[in-house]
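Novice: Input: one structure, supplied below.
There are 2 protein chains.
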Amino acid sequence: MAPKHESNQCPMESILGQIMGPWTPYILWLLSNEESLRFGQLSALIPDISAKVLTDRLRKLEASGLVHRDYQPTVPPTVYYSLTDRGAELHEVLQGLNEVALRWDAEDRKKRLIPVTEIIAAE
Amino acid sequence: MAPKHESNQCPMESILGQIMGPWTPYILWLLSNEESLRFGQLSALIPDISAKVLTDRLRKLEASGLVHRDYQPTVPPTVYYSLTDRGAELHEVLQGLNEVALRWDAEDRKKRLIPVTEIIAAE
DNA sequence: GCAAGTAGTTACCTTTTGGTAACCATTGAA
DNA sequence: TTCAATGGTTACCAAAAGGTAACTACTTGC
Chain R
0 MAPKHESNQC PMESILGQIM GPWTPYILWL LSNEESLRFG QLSALIPDIS AKVLTDRLRK
60 LEASGLVHRD YQPTVPPTVY YSLTDRGAEL HEVLQGLNEV ALRWDAEDRK KRLIPVTEII
120 AAE
Chain G
0 MAPKHESNQC PMESILGQIM GPWTPYILWL LSNEESLRFG QLSALIPDIS AKVLTDRLRK
60 LEASGLVHRD YQPTVPPTVY YSLTDRGAEL HEVLQGLNEV ALRWDAEDRK KRLIPVTEII
120 AAE
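And the structure:
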């Protein structure tokens, strides 16, 4: 069974149930860096996600009150997604995570480059 | 297909691939609040997780270098899990997330209590 | 009159994930 | 002599998640 993140006890489990899962935090992070993003823009920024899954994630985030959906009945229709005030409260946490990600990435790159460096040094 | 978090481009996607998914951030958070926890303790702290899944998560975190496994060949065996230095770098982010979680939980509790308050006020 | 473009939805099928129960080793205690 | 205790593993099965292709609506431009 998937974690019963609804029924609970612990606030941490509850928030994790809302924002965890494949793609979800990534979507939140993209939205937290822009005023708003259209469906197609999100789709382009996350090439490996299918429309079905992207829709599903956005609907769930909307249901949790973290994302706002602004449907403009133009032709063709235009839909803007943005963080709600509550969603925006995740900005700092996501930035913090991104900083750790950048640090680890730099460290790992450096490690992976050592062999190359040795080859150059040996010439 | 599950997100291809290995092959990538973006550090944020990469870190999310390592720490996201059901139970994983929760395990990290529990470990970030203790020196170490034994398998059975983690199991007891997360009642809904099965041994199979807990093992799987711990093995993956170990493979990512975020968790250290200390097997003591006593009888019966004792295994201590703790965060590595890299894993410990997530502490602040997890604390930040927990603070947001506590705030939302308090807000939601307050909102859920309003009807009760109204009933009392109406008496 | 047909294609393009947006933001999806739906049905169908495959893959992945997770649960459950049984089993493992080893030794001390009842 | 048999049970309990720890930290798992394995096989088997059910459920959930996700991919793909087809289809929707509506109007503008070719």
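These protein sequence lines are chains R and G, in that order. Okay, so the first sequence: first residue is 0 according to numbering that gives the first Met the number 0, each after it adds one. Okay, so the second sequence: first residue is 0 according to numbering that gives the first Met the number 0, each after it adds one. Note that CB positions come from ideal geometry on N, CA and C, so glycine has one too. This structure is a prediction, so every number in the text was calculated from the model and none was measured.
(1) Are there three or more Cβ pairs, one per stretch, closer than 8 Å when the region 17-29 of chain R is compared with the region 46-64 of chain R?
(2) Using a cut-off of 7 Å between C-beta atoms, extract the partners of residue 14/G located in chain R.
(3) Does any residue of chain R have a CB that is nearer than 8 Å to the CB of residue 89/G?
(4) Mapping the DSSP letters down to three states, classify residue 73/R as helix, strand or coil.
(5) How is the alpha helix (DSSP H) around residue 13/G delimited, first residue to last?
(6) If you compare alpha carbons, which of 74/G, 29/G, 67/G is closest to residue 93/G?
(7) Would you give the residue range spanned by the alpha helix (DSSP H) that residue 83/R belongs to?
(8) Can you name the start and end residues of the alpha helix (DSSP H) that residue 34/R belongs to?
(9) Taking a cut of 9 Å between CB atoms, which residues from the region 63-81 of chain G lie near chain R?
(10) Taking all protein chains shown into account, do 16 or more other C-beta atoms lie within 10 angstroms of the C-beta of residue 86/R, making it buried, or fewer, making it exposed?
(11) Looking at the C-beta of residue 39/R, does it have a partner C-beta in chain G at a distance below 8 Å?
(12) According to the neighbour-count rule (16 or more other Cβ atoms, all chains shown, within 10 Å of its Cβ), is residue 49/R buried or exposed?
(13) Is residue 20/R close to chain G? Criterion is C-beta to C-beta, closer than 8 Å.
(14) I'd like the ranges of any alpha helix (DSSP H) spanning at least 4 consecutive residues and lying wholly in the region 39-69 of chain G.
(15) Tell whether a beta-carbon distance below 8 Å holds between residue 151/G and residue 88/R.
(16) Would DSSP call residue 28/G helix, strand or coil?
(17) Report the three-state DSSP secondary structure of residue 22/G (helix, strand or coil).
(18) Could you check the C-alpha separation between residue 83/R and residue 77/G for me, to the nearest Å?
Specialist: Reading it off the structure:
(1) Between the region 17-29 of chain R and the region 46-64 of chain R, the count of Cβ pairs shorter than 8 Å is three or higher; the stretches touch.
(2) The residue labelled residue 14/G in the question sits at position 15 within the second sequence. Result: 96, 99, 100, 103.
(3) Within the second sequence, residue 89/G is the residue found at index 90, counting from 1. Between residue 89/G and chain R, the shortest Cβ-Cβ separation is below 8 Å.
(4) For the purposes of this step, residue 73/R is identified with residue 74 of the first sequence, where counting begins at 1. For residue 73/R, the three-state secondary structure derived from DSSP is coil.
(5) Position 14 of the second sequence, counting from 1, holds the residue named residue 13/G. That run of the alpha helix (DSSP H) goes 10-18.
(6) Counting from one through the second sequence, the residue named residue 93/G turns up at place 94. It is 29/G.
(7) Locating residue 83/R in the first sequence gives position 84, counting from the first residue. If you look at residue 83/R, you'll find it isn't in any alpha helix (DSSP H); DSSP assigns it neither H nor E.
(8) If you number the first sequence from 1, residue 34/R lands on position 35. Counting along the chain, residue 34/R falls outside any alpha helix (DSSP H), and DSSP gives it neither H nor E.
(9) Going along the region 63-81 of chain G in chain order, one finds no residue with a Cβ nearer than 9 Å to chain R.
(10) Locating residue 86/R in the first sequence gives position 87, counting from the first residue. So residue 86/R counts as buried.
(11) Locating residue 39/R in the first sequence gives position 40, where the first residue counts as 1. It does not; no Cβ of chain G falls within 8 Å.
(12) Walking along the first sequence from the start, residue 49/R turns up at place 50. With fewer than 16 Cβ atoms within 10 Å of its Cβ, residue 49/R is classed as exposed.
(13) The residue labelled residue 20/R in the question sits at position 21 within the first sequence. Closer than 8 Å to the CB of residue 20/R there is at least one CB belonging to chain G.
(14) Here the runs fully enclosed are 50-62.
(15) Lying before the first or after the last residue shown, residue 151/G is absent from chain G, which here runs from 0 to 122.
(16) The count along the second sequence starts at 1 and reaches residue 28/G at position 29. Helix at residue 28/G.
(17) Working through the second sequence from its first residue, we reach residue 22/G at position 23. In the displayed model, residue 22/G falls within coil according to three-state DSSP, outside both helix and strand.
(18) Translated into positions along the first sequence, residue 83/R becomes position 84. Translated into positions along the second sequence, residue 77/G becomes position 78. Taking the straight line joining both Cα atoms gives about 47 Å.
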